[in-house]
Structures are given as C-alpha cells and as structure tokens.
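Here my numbering is used: the first residue of the sequence shown is 85, the next is one more, and so on.
Heads up, the beta-carbon is just placed ideally off N, CA and C, and yes, glycines get one too.
Working notes, structure below.
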Amino acid sequence: RRQQQQQQRTVMMTTSRAKSSATTKQPKAPSKRLMVGSSSTDNAGGTANDDEELFLDVQSASTDEEAASLDGDDDGGIPSSSSLDHLPSNNDDDDDGRLSSPLPQYPANGGTSCWSKPLDNLFRVRSITYLKDRVKLPSGPAPFHCRGVDLWLTDNPERHIARHPSVMGGRLEEEDTFLVNFLLPFGNFVAYFGIPSIDKFPNKEVANVWTKFINGDQQYRDARLKLLPVVVEGPWIVKAAVGPGTSPALLGKVIPLQYYFRHPSKDEKTKGIYEVDVIITASTIAKGILSVVKGHTQSLSIAFGFIIEAAEEEELPETVLCNCQIHAIDLERCPQLPHFDLDGNEES
C-alpha cells in the first residue's frame, strides 16, 4: 500500500510540472499597422510632409496595458483626469444619472465626463514660412470659443443634427455657431463653437480662410478642413492609435463629409449655423481607430483642434480655428438622443 501511495504522489508531481511548463507566458505577436496618408518626419520643428496621417496599431496578442502606460507626460498646463480626484462632484446630470446637454464643463462633475478649453498653443500649425521650410509652430489664439460638447447615444446617428431641438441644451440658435457632428456607430458626438464677427478675428489670415471655406464648394471644403487630435492623457494603445498629435488629418481625404451651412439673416434675427457632418460610420479606418478609443474613454483625456488649411502664402500663418477637450467620459451615463422627426413632428 505504501508503494502504491508513493507512485500516486510521483505521478501527481510530474503532472503538475507539465502543466506549469505549458502555461509559461508566450511572447507577443508583432503589431500590425494600418495607415492612411503619408508618414511625416520632423524637420526644424515641423514636418517634412503635411499630407496628414491617421494610423491604427492593432495588437494581435493580449497586451499588458497597465505596465506599458505612458501617463505622466508634461501636458503644458492642461488639466488631466488623474489630477482631479480632490475636486468635489457636482450634480450635473438628470435624476436617472444621465449627463446633461451639453456635457458639464470642467471642473464640474469632479473633472470627469466633462469638457474644457485646451491651450491654443497645444496645437502645432503651419508657420508663415511653411511653404519654404516646412516649419510648424504653436498656434496663436483661436478665433472661435467652445460653447459646449454633446455626446448623444442612439442606434441611428443623425445627420444635420442642428435641426434637433435638444442639441446644445436647446440654446443652439442663441449665437452664430460652427458645429462639428461626428456620426459614430453608437451615437452623435457634437462640438459647438461660437463665431465672432470678422473684425474680431485675431488675424486677417484666419479670417480669410474661414470666409473662403464657408463660401466654397464641397470639393474646396473637403480639401481644407483638418482635425488634429492630441491625447493629453491615456493608455499607450490609444496614443498609438491616434498618433503623436503633430500631423493633422485632412478629414475629407479619408472620411465622407457633409455640409449644412445657413448664413445669418441681414437683420441678424436668424443666426448663422455652419454644420459639418463627419461620417465615421462610413469609414473602415476611422471605425478601427474608434474601436480602440471607445474601450478606454474613462481613462482618456483628448483634445481636438480644427484647422482650415493654409495652402497659399497669403493665407499663412495657420491658426487653429477652434478646439475643445473631453475628460474621462463615461459612455453609460451619456444621454439618449430624444426621438424626433426632423421633418417636423416629434415622435416621443
């Protein structure tokens, strides 16, 4: 009997060693990179090629995101989510826990699920000598101010959302507004920017490109509107997907755009509303990047700069037209877009 017990123990020990060897961590497979546009190389503080780049790194094996986090970079004074824990939480939501429209403005709501105005010089744009030396410099003051940001949940993202009575908390028509409406697979992400009179633009160059943009045709607008996203805080996989924040994406090059522009009336009773719809749902590349970002929104702080490209010498230097930043968005708390027949009749 003792011999049988000894044999059983020997078998069990051998099996245990075999299992331990089989579960040894395997090396990760190399990443696959999906790119749009040409890559850019820094040259004298700028880029050698400003044909804009979007790329997505897809890790084919599991990733140790906590160990590889790139948090802690100098953010130039821009508020980050990790530094906001000491702030009080405000009740900027409905009774059911849903967030307001527009979303709370930083530092409300404890600095999470909110938006803020980033520093304009966070965004590097074409300098006055760009066509000669490709040098980029931090942007000067943006002419448009951010009025607010909405993130509506819906299975049927709306085009021409400016018609919806709920956007911007029902106050859209209070001033001339440029709005960018991202149509996402799960909703509408909308940013609203107040437009000053032309004489209050910070320089004649940005006033010139804005005037040509709103009066141009589809082809002209598609060739000029750029988006520069900058990840202020977030896991490395999001930073890899979005890019280093130095090369803007020429939106019309990779994503279908639609424009719904209404100029103000002469008596100024009807405000000017200039809506650009960015149809993410129609772009495989954009949806791939979004799929990475969506899984990390609660640990992400990202700034968006919108730029009208200065393609001619008299249009330089570039200036970021408008910008906004979102902080640690909890998608589950975002409001549902109320059902509404945009042809005139409310459904519910």
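| query | Along the chain, which unbroken stretches of the alpha helix (DSSP H) at least 4 residues long are found entirely within the stretch 253-311? | reply | Look at the stretch 253-311 and you find these whole runs of alpha helix (DSSP H), each 4 residues long or longer: 288-299, 302-306.
| task | Could you tell me whether the Cβ atoms of residue 227 and residue 291 are closer together than 9 Å? | result | For residue 227 and residue 291, yes; Cβs fall inside 9 Å.
| Length of the line joining the Cα atoms of residue 209 and residue 287 | Just so you know, the alpha carbons of residue 209 and residue 287 end up roughly 15 Å apart.
| Simplified DSSP state of residue 338, which is helix, strand or coil | Reduced to three states, the DSSP call for residue 338 is helix.
| query | Given 8 Å as the limit, is there contact between the stretch 359-368 and the stretch 330-345, that is, 3 or more CB pairs closer than that? | reply | Yes, since at least three Cβ pairs between the stretch 359-368 and the stretch 330-345 fall closer than 8 Å, the two stretches touch.
| query | Based on Cα-Cα distance, which residue from 324, 335, 276 lies nearest to residue 305? | reply | 335
| task | Please name the residue in 278, 426, 394 whose C-alpha comes closest to that of residue 407. | result | Checked all of 278, 426, 394; the closest Cα to residue 407 is 278.
| message | Closest to residue 317 by C-alpha separation, out of 389, 229, 409, 395, would be which residue? | response | 409
| task | Taking residue 372 as the reference, give the member of 393, 357, 338 with the closest Cα. | result | The residue with the shortest Cα to Cα distance from residue 372 is 338.
| field | Residues bridged to residue 314 [DSSP beta-bridge criterion] | value | 387
| task | Give the straight-line distance between the Cα atoms of residue 300 and residue 419, rounded to the nearest whole angstrom. | result | 35 Å
| request: Reducing DSSP to helix, strand and coil, say where residue 417 ends up. | output: helix
| task | My understanding is that residue 217 touches residue 348, with C-beta atoms under 8 Å, so please give their C-beta distance in whole angstroms. | result | Not confirmed; about 39 Å, so no contact.
| query | Identify the residues that DSSP records as bridge partners of residue 240: which are they? | reply | Answer is none; residue 240 lacks a bridge partner.
| field | Simplified DSSP assignment, three categories, for residue 220 | value | strand
| query | Where does residue 359 sit, in a helix, a strand or coil, going by DSSP? | reply | strand
| task | If I'm right that residue 196 touches residue 387 with Cβ under 8 Å, what's the distance once you round it to whole angstroms? | result | Not quite, the Cβ-Cβ distance comes to about 16 Å (not below 8 Å), so this is no contact.
| said: Using the Cβ count rule (16 or more neighbours within 10 Å means buried), how would you classify residue 352? | reply: exposed
| said: Rounded to the nearest angstrom, what separates residue 366 and residue 384 at their Cα positions? | reply: Cα atoms of residue 366 and residue 384: separation of roughly 24 Å, rounded to the nearest angstrom.
| field | Selection from 239, 251, 256, 191 that minimises the alpha carbon distance to residue 355 | value | 256
| query | Hey, is the stretch 269-278 in contact with the stretch 311-330, meaning 3+ C-beta pairs nearer than 8 Å? | reply | No, the stretch 269-278 is not in contact with the stretch 311-330.
| field | Closest residue to residue 309 among 220, 320, 296 (Cα-Cα distance) | value | 296
| field | Coil, strand or helix - residue 412 by DSSP | value | coil
| task | Can you check DSSP and say which residues form a bridge with residue 200? | result | 409
| What's the gap between the Cα of residue 236 and the Cα of residue 346? | 23 Å
| C-beta contact flag for residue 204 and residue 225 at 9 Å | yes
| task | With a 10 Å radius around its C-beta and 16 neighbouring C-beta atoms as the bar for buried, classify residue 381 as buried or exposed. | result | buried
| request: Starting from residue 189, follow its DSSP beta bridges and name the residues at the other end. | output: 199
| Identify the residues that DSSP records as bridge partners of residue 392: which are they? | The partner list for residue 392 (beta bridge, DSSP) reads 309.
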